[in-house]
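A quick write-up on the structure given underneath.
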Amino acid sequence: MELRDWALGILTAESLDAKLHSPPQLTDQNPGPALIISEPSRPAGMHFNKRSKEEKLPPFHEHGDAEKRAVCLHRFCGHELLAVEIMAYVLLAFPEAPKHFRRGLANTLKEEQEHVRLYMQRLQEMGVAFGDLPLFKHFWAHTPFILSPKHYVSMMSLTFEQANLDFAPIYRKSFERSDDPASAALMERIFQDEISHVSFGVHWLGKFKKEDETLWESWEGTLKETLLSPKRARGFYMHEAPRLQAGIPPEWISLVKNA
Numbered sequence: 001m002e003l004r005d006w007a008l009g010i011l012t013a014e015s016l017d018a019k020l021h022s023p024p025q026l027t028d029q030n031p032g033p034a035l036i037i038s039e040p041s042r043p044a045g046m047h048f049n050k051r052s053k054e055e056k057l058p059p060f061h062e063h064g065d066a067e068k069r070a071v072c073l074h075r076f077c078g079h080e081l082l083a084v085e086i087m088a089y090v091l092l093a094f095p096e097a098p099k100h101f102r103r104g105l106a107n108t109l110k111e112e113q114e115h116v117r118l119y120m121q122r123l124q125e126m127g128v129a130f131g132d133l134p135l136f137k138h139f140w141a142h143t144p145f146i147l148s149p150k151h152y153v154s155m156m157s158l159t160f161e162q163a164n165l166d167f168a169p170i171y172r173k174s175f176e177r178s179d180d181p182a183s184a185a186l187m188e189r190i191f192q193d194e195i196s197h198v199s200f201g202v203h204w205l206g207k208f209k210k211e212d213e214t215l216w217e218s219w220e221g222t223l224k225e226t227l228l229s230p231k232r233a234r235g236f237y238m239h240e241a242p243r244l245q246a247g248i249p250p251e252w253i254s255l256v257k258n259a
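Sequential numbering of the sequence shown, starting at 1, is according to this note's numbering.
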């Protein structure tokens, strides 16, 4: 299957099975013209909702309640589905991007599809179906600011996914304390995959940046165009080791820590 057809199928699919379809072989011989999809199609009952203040994630002290943990996992599953859709959006929006970038992005997209499946499985074990709770626009609201592949890696790989290097282990530890090893193991799986996703962003930012720019200068400058700030790339407790493992320079880590 062609990357273009696969990406378009994901964004126009009206069933989860179609959105999570992962062809064993993908080609990129006919990327076609640039195509911008303003909003993805969704299965019935899974459209974007407007989030109220009451729909914040349950605080950590409530994680002893299985229903509260399920709310967290449902929200995270929604984030993974958004990541799938945003990556498909980028494949369609930038057909002229380097072939190796597109191939790497497709591999990351497949991992995000697997994350959705894993969350759905865990939710089912907890008596919740994906879609039972509201889903939100969240990351998709930033797609108009993805003006190039460099904007994508700066915003998604190196901001939202970098922040998950903090959030995933924090939730893993909380679920462990709540005697929920299955949910904790899932967060560990997500965490390990995020390291490689951030590494993908570091690699390609190095390719896309100007020769006289540092990685930080290129990222910070590009991020300003997306209306995001460097502090969005970290959680309330910052883990430095996985960032180093992903290839983020120590000076960048220090600047993010103090942002």
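Here a beta-carbon is modelled for each residue, glycine too, at the ideal position from N, C-alpha and C.
task: Leaving aside the five residues before and after Phe60 along the sequence, list all residues of the same chain whose C-beta is less than 7 Å from its C-beta, in chain order.
output: Ser174
At least 3 beta-carbon pairs within less than 8 Å: the region 156 to 171 vs the region 111 to 122: no
- request: Could you name the residues of the same chain whose beta carbon sits closer than 6 Å to that of Gly201, not counting the 5 residues immediately before and after it, in chain order?
  value: Val153, Ser157, Leu158
query: Per DSSP, Leu135 forms a beta bridge with which residues?
result: Phe48
message: Taking the alpha helix (DSSP H) that Ala106 belongs to, which residues open and close that run?
response: 99 to 125
Assigned secondary structure, Glu213 (DSSP; H/G/I helix, E/B strand, else coil): coil
- prompt: DSSP state of Glu55, grouped into three classes?
  reply: helix
Closest by C-alpha distance to Pro242, when choosing among Phe191, Ser38, Pro230: Phe191
- request: Check whether the region 137 to 144 touches the region 73 to 91, taking contact to mean three or more Cβ pairs, one atom from each stretch, closer than 8 Å.
  value: yes
query: By Cβ distance, which residues of its chain are closer than 7 Å to Leu73, with the 5 residues on each side in sequence left out?
result: Tyr119, Arg122, Leu123, Ser183
query: Thr27 bridges to which residues according to DSSP?
result: Glu2
field: Endpoints, alpha helix (DSSP H) assigned at Phe200
entry: 181 to 208
message: Looking only at its chain, what residues have a beta carbon closer than 8 Å to the beta carbon of Pro23, apart from the 5 residues adjacent to it on each side?
response: Met1, Trp6
task: Determine the direct distance from the alpha carbon of Pro98 to that of Ile146, and round the result to whole angstroms.
output: 16 Å
message: Rounded to the nearest angstrom, what separates Asp179 and Arg69 at their Cα positions?
response: 11 Å
message: Would Leu8 and Ser41 qualify as a contact pair, given that the criterion is a beta-carbon distance under 8 Å?
response: no
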